[in-house]
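In my numbering, the protein residues as written are 3 to 605.
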């Protein structure tokens with residue numbers, strides 16, 4: 003049985019969050035990296051595996067980026083989602099595509115299926131000159147259901163901050179942190195058929211690290227333009243009691259322009275790069291269930307990605323990624339066993355003089371075992387997986403290295419879960435997992451010939467041991483409803499690369515906190531809901547050069563009040579209630595206390 007965490011329905015919508023990244027921070031074992039500013043990149047790191055080892059899926063089809071392997075979660079809204087789930091190890095469905103077995107951890111975003119016809123219009127205003135509008139149309143007719151959802155946001159992102167250290171004390175206002183985006187998406191469902199179309203267009207500022215006196219000499223003016231589009235369709239069907247099939251198809255197109263060619267950037271390389279990425283994907287999976295307690299799953303998928311860029315001495319690159327899986331599940335009298343073998347094959351093609359990297363073919367196994375009795379489940383699982391070098395890792399001008407090896411992870415986990423479900427109105431659950439992760443041949447970028455010549459290398463081994471725990475308590479007396487959600491992460495993530503280097507060996511990995519926890523309370527009466535959450539992150543080392551120079555620990559308290567009257571829904575959020583000044587990345591201050599007010603009308 004996999005280790006799973008899920009937020010659904012009203013609890014998901016009650017949180018002080020708007021993007022998928024904001025919701026995931028409430029899960030145990032999760033670190034969200036945020037480079038500051040309203041337009042800052044937001045990526046997920048689970049149990050210190052790295053963002054490129056986390057697969058993100060919408061309705062069972064993976065979001066991809068062959069260029070750099072990371073997904074910016076700030077681009078995906080919660081407004082159309084029914085649930086957000088995080089799985090360590092493999093999700094145990096009887097019929098899955100091979101891609102779903104290919105990540106160290108997996109995030110599943112499930113789209114809400116409309117149950118009736120409705121029209122919703124929402125407007126919002128927030129701190130830092132933030133304005134937002136959204137419209138949603140949904141229908142349900144004769145077995146078909148679907149929606150169209152459009153959203154626009156504009157923000158200057160000019161929040162005040164204070165940066166204080168032993169040597170300096172700086173107050174200022176964040177510059178070049180604006181964002182403007184438009185998102186539109188639609189979905190169509192009918193039984194086992196689902197489809198999704200998504201388009202996101204944005205322009206954002208990329209603020210640099212702040213420095214003493216905020217001198218114009220150090221102003222970092224970077225701009226980014228994004229246009230992301232994808233269309234996908236899935237179909238699954240049971241053929242009698244013993245057979246089930248599933249088919250997925252997807253096409254995506256991404257355009258990115260990154261520009262730092264401004265006179266203000268005196269100490270920054272000036273570039274104006276354009277990247278075009280296309281991706282086509284198809285998958286077929288089949289499950290055979292000879293008995294009620296045994297299922298066998300096999301599948302094949304293929305993804306063709308091609309990247310074009312106007313970098314000097316860069317030519318287009320194409321990658322064919324093929325996967326196949328053979329998996330079995332047994333569920334008999336409380337005993338559940340699952341095992342899988344995944345085969346992955348990567349082959350690149352390019353007209354570059356240096357040629358393409360060698361093809362890569364690997365088999366990786368996974369196995370899990372659990373036993374359940376009277377609401378108690380004990381489990382253990384093992385998974386070995388790797389990530390192939392991205393196209394940037396291999397072919398990026400000057401830094402790319404065509405001889406890179408894949409980055410391997412080995413995961414061991416043992417845990418227990420207890421579900422207490424007496425007669426209403428009580429519900430309670432608790433789970434805890436201890437884990438060990440090894441990562442070999444980490445892919446890093448290091449200077450080779452002075453500080454101006456960098457290269458991608460396999461350099462690094464890490465050893466991580468930790469504990470994740472979550473607990474929930476729900477009480478629904480009459481018109482009232484109460485929820486208490488808690489998550490805890492304790493882990494020691496250590497560098498085991500070079501035993502001869504006393505400064506780094508057995509030292510903590512940078513940006514990895516030892517302790518983090520979250521406590522969220524939700525209280526509601528009829529259509530009025532109050533949510534208060536407290537997120538704590540302990541201190542984090544960020545440089546081996548000075549072990550005493552650490553990112554300070556912080557607590558972030560958010561509060562949200564939501565009320566509904568007839569066709570109107572009103573909400574008021576106060577994030578970072580106590581105006582704590584904190585950072586995820588050094589010298590990239592996060593916004594302090596900020597407000598958001600929204601008013602929605604549903605017909």
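The beta carbon of each residue, even a glycine, is placed where N, CA and C say it ideally should be.
Please work out which residues of its chain come closer than 8 Å, Cβ to Cβ, to residue 552, disregarding the five sequence neighbours upstream and downstream, and give them in chain order. 541, 542, 543 and 544
Counterpart residues of residue 510 in DSSP-defined beta bridges: 496
Check residue 572 in the structure and name its three-state DSSP category. strand
Could you tell me whether the Cβ of residue 120 comes closer than 8 Å to any Cβ of chain C? Among the chains in the structure shown there is no chain C, since it carries only a single protein chain.
Tell me the DSSP secondary structure of residue 98 in three-state form. coil
Status (buried if at least 16 other CB within 10 Å, exposed otherwise) for residue 372: buried
C-beta atoms of residue 1 and residue 76 nearer than 8 Å: Outside the displayed span of the chain (3 to 605) sits residue 1, for which this structure offers no information.
Looking at C-alpha atoms only, which residue of 62, 25 and 63 is the closest neighbour of residue 45? 25
When 336, 139, 95 and 67 are compared against residue 258, the one with the closest alpha-carbon: 67
Report yes if the C-beta distance between residue 285 and residue 249 is below 8 Å; otherwise report no. yes
Report the three-state DSSP secondary structure of residue 21 (helix, strand or coil). strand
Is residue 273 buried or exposed, if buried means 16 or more other CB atoms sit within 10 Å of its CB? exposed
When the Cα atoms are used, what is the spatial distance from residue 393 to residue 342? 28 Å
Given a threshold of 16 other Cβ atoms within 10 Å of its Cβ, counted over all protein chains shown, does residue 505 qualify as buried or as exposed? exposed
Among 579, 236, 472 and 53, which has the Cα closest to the Cα of residue 99? 236
So, are the CB atoms of residue 495 and residue 472 less than 8 Å apart? no
Looking at C-alpha atoms only, which residue of 202, 266, 166 and 232 is the closest neighbour of residue 65? 232
Is residue 128 helix, strand or coil when you go by DSSP? strand
Can you tell me which residues form a DSSP beta bridge with residue 188? 150 and 199
Shortest alpha-carbon distance to residue 407 belongs to which of 325, 335, 360 and 223? 360
Three-way DSSP call (helix, strand, coil) for residue 577 in this model: strand
Which class does residue 526 belong to by DSSP, given the choice of helix, strand or coil? strand
What residues in its chain sit with their C-beta under 7 Å from that of residue 336, if we drop five residues either side in the sequence? 373, 374 and 375
Exposed or buried, residue 502, counting other C-beta atoms within 10 Å across all chains shown (16 or more means buried)? exposed
Could you compute how far the alpha carbon of residue 155 sits from the alpha carbon of residue 201? 14 Å
Helix, strand or coil at residue 179 according to DSSP, with G and I counted as helix: coil
Where does residue 216 fall in DSSP's three states? With a pLDDT of only 49 at residue 216, under the threshold of 50, the placement of this residue in the model should not be trusted, and no figure is reported.
In angstroms with no decimal places, state the Cα-to-Cα distance between residue 113 and residue 96. 20 Å
DSSP-derived helix/strand/coil call for residue 205: strand
Leaving out five residues on either side along the sequence, give the residues of the same chain with a beta carbon under 6 Å from the beta carbon of residue 532. 525 and 563
What do you get for residue 2, buried or exposed, if any count of 16 or more other CB atoms within 10 angstroms of its CB means buried? Only positions 3 to 605 of the chain appear in the structure, and residue 2 is not among them; the question remains open.
Alpha carbon to alpha carbon, what distance is there between residue 126 and residue 549? 44 Å
Among the residues of its own chain, which have a CB less than 6 Å from the CB of residue 164, if the five just before and after it don't count? 173 and 583
On a CA-only basis, which of 352, 348 and 353 is nearest residue 363? Give me that one, please. 348
Rounding to the nearest angstrom, what Cα-Cα distance links residue 572 and residue 124 in this structure? 10 Å
DSSP has residue 253 in a bridge; who is on the other side? 233 and 282
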